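Take a look at the structure set out below.
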Ligand code: KG4
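Residue numbers (the working numbering): 385 to 728.
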């Protein structure tokens with residue numbers, strides 16, 4: 385392909401604590417640079433004000449690096465896609481303002497992307513020299529992260545509906561809060577995942593939510609673990625230390641059971657067998673194994689995108705922007721970021 389023939393889309397993502405920029409050429413990924421913020425580790429969670437400041441520091445070098453790795457100059461860009469929301473408002477403001485300024489100075493179109501849309505379309509990121517395997521429409525995406533727990537029905541690149549979502553905590557939050565409670569650190573998901581591999585998932589049982597329809601709830605499971613550990617510690621102060629692995633394995637299994645229960649139901653109700661997964665929690669090894677196993681049993685076509693495309697990244701924003709760009713969608717320069725999904 386001749387270089388100048390391609391449409392180059394720059395994607396910018398800054399909704400939470402990762403500053404990311406990516407370049408795609410006609411849907412093929414050329415670069416995807418992610419600067420993860422380390423400043424939040426000591427606080428046991430993302431501190432919004434610190435996140436905004438880190439984005440301000442990172443955005444210029446991250447975009448420059450993405451262009452450099454793609455081997456193009458800013459002047460060759462066709463359009464700029466950016467995350468408008470949902471997310472932390474201060475963080476989103478940095479990416480949005482940068483995207484607007486660049487669009488104005490280069491005189492190229494701006495395309496806003498809903499972060500959620502980026503996650504559900506991550507399976508369409510093509511990479512040079514990697515065989516293409518993409519879900520066909522309609523498909524279901526289990527979107528599980530620190531901010532979301534949803535089952536999304538994707539009818540086409542620009543058409544999707546949320547079939548169910550959490551009414552309280554996101555599943556990633558449940559991992560993080562329980563890890564903090566057990567003194568295992570932040571972010572909790574990877575630690576619990578690792579310890580769970582050495583434990584017995586059937587040893588302890590925690591209360592599962594009973595929520596109608598396809599919605600989720602995770603705050604009860606968290607409380608159930610909290611009370612259980614508190615009661616056991618009253619009898620044996622070493623209980624936690626002695627049973628960490630089994631506690632993690634049993635807790636993780638409960639969360640996976642809850643996630644899978646509604647996903648299976650959604651697949652049955654919609655008769656859709658194309659299943660994808662997205663968001664930080666989709667890195668969980670237990671969840672991945674279970675989706676594959678259920679998929680084999682139920683004759684689903686399952687798609688587990690590479691880990692680097694399931695957590696926050698600009699490649700998915702660029703691809704979602706590319707679909708919109710091709711459909712003729714453009715965003716005016718007076719666009720403002722939004723923190724909540726409902727405000728889209
Ligand atoms: O998508 P993501 O990077 O950003 C946010 O939505 O914030 O997701 C982060 C979440 C955190 O809650 C983290 O604990 C969780 O994903 N996570 C995991 C694993 N790796 C990250 N949860 C379970 N198992 C993992 N291996």
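Beta carbons are placed, not taken as given, at the ideal position from N, Cα and C, and that holds for glycine. Since we're looking at a predicted model, the values are computed, not measured.
| Check | Outcome |
| --- | --- |
| Classify residue 690 as helix, strand or coil using the three-state DSSP reduction. | coil |
| Return the first residue and the last residue of the beta strand (DSSP E) that residue 695 is part of. | No beta strand (DSSP E) contains residue 695, which DSSP labels as neither H nor E. |
| Does the Cβ of residue 677 have 16 or more other Cβ atoms within 10 Å, making it buried, or fewer, making it exposed? | exposed |
| Anyone know if the C-beta pair for residue 624 and residue 566 falls short of 8 Å? | yes |
| How big is the Cα-Cα spacing for residue 725 and residue 528? | 15 Å |
| Who are the near neighbours of residue 461 in its chain, counting only those whose CB is closer than 7 Å to its CB and skipping five residues on each side? | 392, 394, 490, 492 |
| How many angstroms separate the CA atom of residue 626 from the CA atom of residue 603? | 25 Å |
| Sorry if obvious, but does the Cβ on residue 668 come closer than 7 Å to a heavy atom of the ligand KG4? | yes |
| By the three-class DSSP mapping on this structure, what secondary structure does residue 402 have? | strand |
| Considering only residues of the segment 440-490, which uninterrupted beta strand (DSSP E) runs meet the minimum length of 3 residues and lie entirely inside it, listed in chain order? | 463-469 |
| Work out the CA separation of residue 674 and residue 680 for me, nearest whole Å. | 10 Å |
| Can you tell me whether residue 539 is helix, strand or coil according to DSSP? | strand |
| Would you please state the rounded distance, in angstroms, between the beta carbons of residue 708 and residue 495? I believe it to be under 8 Å. | 5 Å |
| Cβ of residue 531 versus every heavy atom of the ligand KG4: is any distance shorter than 7 Å? | yes |
| Considering residue 419, what are the terminal residues of the beta strand (DSSP E) in which it resides? | 412-420 |
| Measuring alpha carbon to alpha carbon, tell me which of 599, 581, 653, 564 ends up nearest residue 609. | 564 |
| Do residue 412 and residue 443 come within 8 Å of each other at the CB atom, strictly closer than that value? | no |
| Do residue 415 and residue 409 come within 8 Å of each other at the CB atom, strictly closer than that value? | no |
| Using DSSP with H/G/I as helix, E/B as strand and the rest coil, what is residue 409? | strand |
| Output needed for residue 745: all residues of its chain with C-beta closer than 7 Å, excluding positions within five of it in sequence on either side, in chain order. | Only positions 385 to 728 of the chain appear in the structure, and residue 745 is not among them; the question remains open. |
| Keeping to the same chain, check which residues put their C-beta closer than 7 Å to that of residue 570; ignore five residues upstream and five downstream. | 425, 428, 429, 560, 563, 564 |
| Does DSSP classify residue 550 as helix, strand or coil? | strand |
| Please state if the CB of residue 450 and the CB of residue 423 are separated by a distance shorter than 8 Å. | no |
| Indicate whether residue 498 and residue 468 have their beta-carbon atoms separated by less than 8 Å. | yes |
| Which class does residue 721 belong to by DSSP, given the choice of helix, strand or coil? | coil |
| What residue range is occupied by the uninterrupted alpha helix (DSSP H) comprising residue 576? | 572-580 |
| Given this structure, state the Cα-to-Cα distance separating residue 723 from residue 619, to the nearest angstrom. | 45 Å |
| Take every Cβ of the segment 431-445, pair it with every Cβ of the segment 522-536, and state whether three or more of those distances are shorter than 8 Å. | no |
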